[in-house]
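Input: a single structure, listed below in structure tokens.
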Amino acid sequence: MNRFRLLPSPLDTPTGTRASRGLGIVVLLGLVMLTLLGLFFTDEDVVQGSTVRLMYIHVPTAWVAYLAFIVTAITSAMYMWGKQHSLTFDRIAGASAEVGVIFMGLCLVTGSLWGRITWGTYWQWDPRLTTTAFLFVTYVGYLAVRDLGGSHQQRAKRSAVVALLAVLEIPLVHFSVVLWRSLHQEASVLQPNGDVTMDGLMLFSLLFGVAVFTSLFAWMVLHRQRVLMLADAIDDGGLEAALQERRNEAN
Amino acid sequence: MTQNSISTMSVARAIATKDLRIEWRSKVLVNQVLPFAGIVMVLFAFALDNDGILQRVAPGLVWLAVLFSSLIIVQRTFAIESADNALDAIKVAGVSSAGVFLGKSVALAVQLLLFECVLVMLSLVLYQVQLSWGGAVLLVTVSVLANVGIATMGALYGGLGAAAKGRETLLPLLLLPAVAPVLIAATRATESAFGVSGATLGEGWPWVALLAVFGALFGFGGTLAFGVLTEE
Chain L
9 MNRFRLLPSP
19 LDTPTGTRAS
29 RGLGIVVLLG
39 LVMLTLLGLF
49 FTDEDVVQGS
59 TVRLMYIHVP
69 TAWVAYLAFI
79 VTAITSAMYM
89 WGKQHSLTFD
99 RIAGASAEVG
109 VIFMGLCLVT
119 GSLWGRITWG
129 TYWQWDPRLT
139 TTAFLFVTYV
149 GYLAVRDLGG
159 SHQQRAKRSA
169 VVALLAVLEI
179 PLVHFSVVLW
189 RSLHQEASVL
199 QPNGDVTMDG
209 LMLFSLLFGV
219 AVFTSLFAWM
229 VLHRQRVLML
239 ADAIDDGGLE
249 AALQERRNEA
259 N
Chain S
854 MTQNSISTMS
864 VARAIATKDL
874 RIEWRSKVLV
884 NQVLPFAGIV
894 MVLFAFALDN
904 DGILQRVAPG
914 LVWLAVLFSS
924 LIIVQRTFAI
934 ESADNALDAI
944 KVAGVSSAGV
954 FLGKSVALAV
964 QLLLFECVLV
974 MLSLVLYQVQ
984 LSWGGAVLLV
994 TVSVLANVGI
1004 ATMGALYGGL
1014 GAAAKGRETL
1024 LPLLLLPAVA
1034 PVLIAATRAT
1044 ESAFGVSGAT
1054 LGEGWPWVAL
1064 LAVFGALFGF
1074 GGTLAFGVLT
1084 EE
């Protein structure tokens, strides 16, 4: 391991900057505020009681999960069709997918808990739920493809193609599941509450939650993408150090 | 341009013929994978243990058995290539990767068609479903189009696994979620063809359209993507 220390280590570079630390503090305060709003300041729902409080994290996690996959798709396309084939886009795509998978997992868990209390069941074969589960599995596969090894450019190309194929897959999955359910199940217990007039503070808390979680997403992707950049630099540095060592042996 | 397209097609024909010839001579599919599919059909009957239920879910069981078998067939078709680094040799030879993809897909689709014929016949015997002439026409159309979808996706992700040596275990994770629309559409159309669950023949044909869209989309997408996915 000593030979790696002969060269300046990429680990000497911090992943935080003044701006990202500022964003981190804002996110932290926002999360505290959201917790207070969700648990104490907002009222119970007339029909759902305290269960409605789950909505303040469920909806933002769902939003962030879908946003993450849109970011992955766009940055993958920018990598593929950019003249430079910049690895930065690839790393943002990867970081965004990682964060997206975590949030989609949280979204499925919070949704199941809400469903258990409200519908009496953890799972409904509703098109939206089913598509979300498929999206989750598809991006777990995407992350596995990123982990296949090879050069950085190879990883970037493979994963960009898989991400773009997923963009084709997901609408087809959703469409087929919608058709599938429409033949088998009448409008079920799942009646979206969107038509219920929402209390002003509840609506504010929901939108505030979305804003806080979006900032959290930005903060996480920013740092994760920098960590990925350092990991790539260590890979490259390790190769350089090995080459240097062989050259020294030859002399 | 013309010369390119001719060469892509001749590469596709050569690859497909080679793959099918290897299977014809080695008989691995017929001797090993087909019995596996048969056992799966029997195991389904053990697990569900009720004639009424079996008859109702027979279309889904047929297509599940096809999907499980397709995993083995895809792995087998790329194991042939990676055994002697044949995929690398093909790449070094500079032949069109679209041609390789199309050839692999055609060979896979032909093998899957054989499986479907056997599995449908098994379901007629084991699960006591009925098949009219109209149903048979629908079923053949569905099988051909579903095969295009499964084979193109299989060739695409199978190629990816083969290029990243030793990572073939990734195939089910990538392939099964991707072909879920094929499973849904093919199962519903087969329900109509068998006339189970109160489905009429006419209800089956709209699903054919979904299968056609899926096949066309990923046939085209796969042709473009295969080269990048299998690049060293």
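Going line by line, the protein sequences match chains L and S. Counting with my numbering, you get residues 9 to 259 for the letters of the first sequence. Counting with my numbering, you get residues 854 to 1085 for the letters of the second sequence. By construction, the Cβ of each residue, glycine as well, lies at the ideal position given by its N, Cα and C atoms. Predicted, not measured: the structure shown is a model, and the values here were computed from it.
For residue i: DSSP bridge partner residues
i	result
D53 (chain L)	L:G57
Residue i at chain L interface by Cβ criterion, 8 Å
i	result
R866 (chain S)	no
G1074 (chain S)	yes
L940 (chain S)	no
I1034 (chain S)	For clarity, residue 1034 (chain S) is Pro in the given sequence; the question names Ile instead. Chain L, which has a Cβ nearer than 8 Å to the Cβ of P1034 (chain S), makes this yes.
L972 (chain S)	no
A1078 (chain S)	yes
V1081 (chain S)	yes
F1067 (chain S)	yes
A1026 (chain S)	The sequence shown places Leu at residue 1026 (chain S), not Ala. Yes, L1026 (chain S) lies at the interface with chain L (some Cβ there is under 8 Å from its Cβ).
Burial state of residue i, where buried means 16 or more other Cβ atoms lie within 10 Å
i	result
P22 (chain L)	exposed
V1061 (chain S)	buried
R232 (chain L)	buried
K312 (chain L)	In this structure chain L extends from 9 to 259, so residue 312 (chain L) is not present and cannot be described.
C970 (chain S)	exposed
S985 (chain S)	exposed
D98 (chain L)	buried
V117 (chain L)	exposed
T146 (chain L)	buried
R154 (chain L)	buried
D244 (chain L)	exposed
H192 (chain L)	In this predicted model, H192 (chain L) has a pLDDT of only 49, less than 50, meaning its place in the structure is not dependable; the value taken from the coordinates is given anyway. Exposed, because fewer than 16 other Cβ atoms sit within 10 Å of the Cβ of H192 (chain L).
W227 (chain L)	buried
E1044 (chain S)	buried
I1003 (chain S)	buried
P135 (chain L)	buried
S58 (chain L)	exposed
L42 (chain L)	buried
is_contact[residue i, chain S] using C-beta, thresh 8 Å
i	result
E194 (chain L)	Since pLDDT at E194 (chain L) reaches only 43, below the 50 mark, its modelled position is unreliable, and the value read off the structure follows with that caveat. It does not; no Cβ of chain S falls within 8 Å.
W131 (chain L)	no
V169 (chain L)	yes
L173 (chain L)	yes
A103 (chain L)	no
R26 (chain L)	no
A152 (chain L)	yes
Within chain L, the residues that residue i reaches when beta carbons sit closer than 7 Å
i	result
E1084 (chain S)	Q162 and K165
L1070 (chain S)	L176
Contact set between residue i and chain L, taken where Cβ atoms lie within less than 8 Å
i	result
P1030 (chain S)	F142, V145, T146, G149, E177 and V181
L917 (chain S)	Near L917 (chain S) there are no residues of chain L at all, since even the closest Cβ is about 15 Å away, more than 8 Å.
L1023 (chain S)	G149, A152, V153 and L156
Residue i: contacting residues in chain S (beta-carbon distance under 7 Å)
i	result
L156 (chain L)	A1017 and R1020
V218 (chain L)	Correct list: empty, because the minimum Cβ distance to chain S is about 28 Å.
W127 (chain L)	Near W127 (chain L) there are no residues of chain S at all, since even the closest Cβ is about 23 Å away, more than 7 Å.
Contacts that residue i makes with chain S (C-beta to C-beta distance below 8 Å)
i	result
V235 (chain L)	None at all; the shortest Cβ gap to chain S is about 23 Å.
S184 (chain L)	A1033, P1034, I1037, A1038 and L1063
W188 (chain L)	I1037 and R1041
Interface partners of residue i on chain S, CB under 9 Å
i	result
S213 (chain L)	The contacting residues do not exist; S213 (chain L) stays about 34 Å from chain S at best.
Amino acids of chain L, ordered along the chain, whose beta-carbon sits closer than 9 Å to that of residue i
i	result
L1013 (chain S)	V153, L156, R166, V169 and V170
L955 (chain S)	Those do not exist, as L955 (chain S) stays about 17 Å from chain L at its closest Cβ, beyond 9 Å.
| field | Those runs of the alpha helix (DSSP H) which lie wholly inside the stretch 203-229 of chain L and span at least 4 residues | value | When DSSP assignments are scanned along the stretch 203-229 of chain L, no uninterrupted stretch of alpha helix (DSSP H) that is 4 or more residues long falls wholly within it.
| query | Which ranges would you report for the alpha helix (DSSP H) in the stretch 35-111 of chain L if only whole runs of at least 4 residues count? | reply | Here the runs fully enclosed are 63-89.
| task | Just list the beta strand (DSSP E) runs in the stretch 908-945 of chain S, keeping only unbroken ones of 3 residues or longer that don't cross its boundaries, in chain order. | result | Counting only runs of 3 or more, we get nothing.
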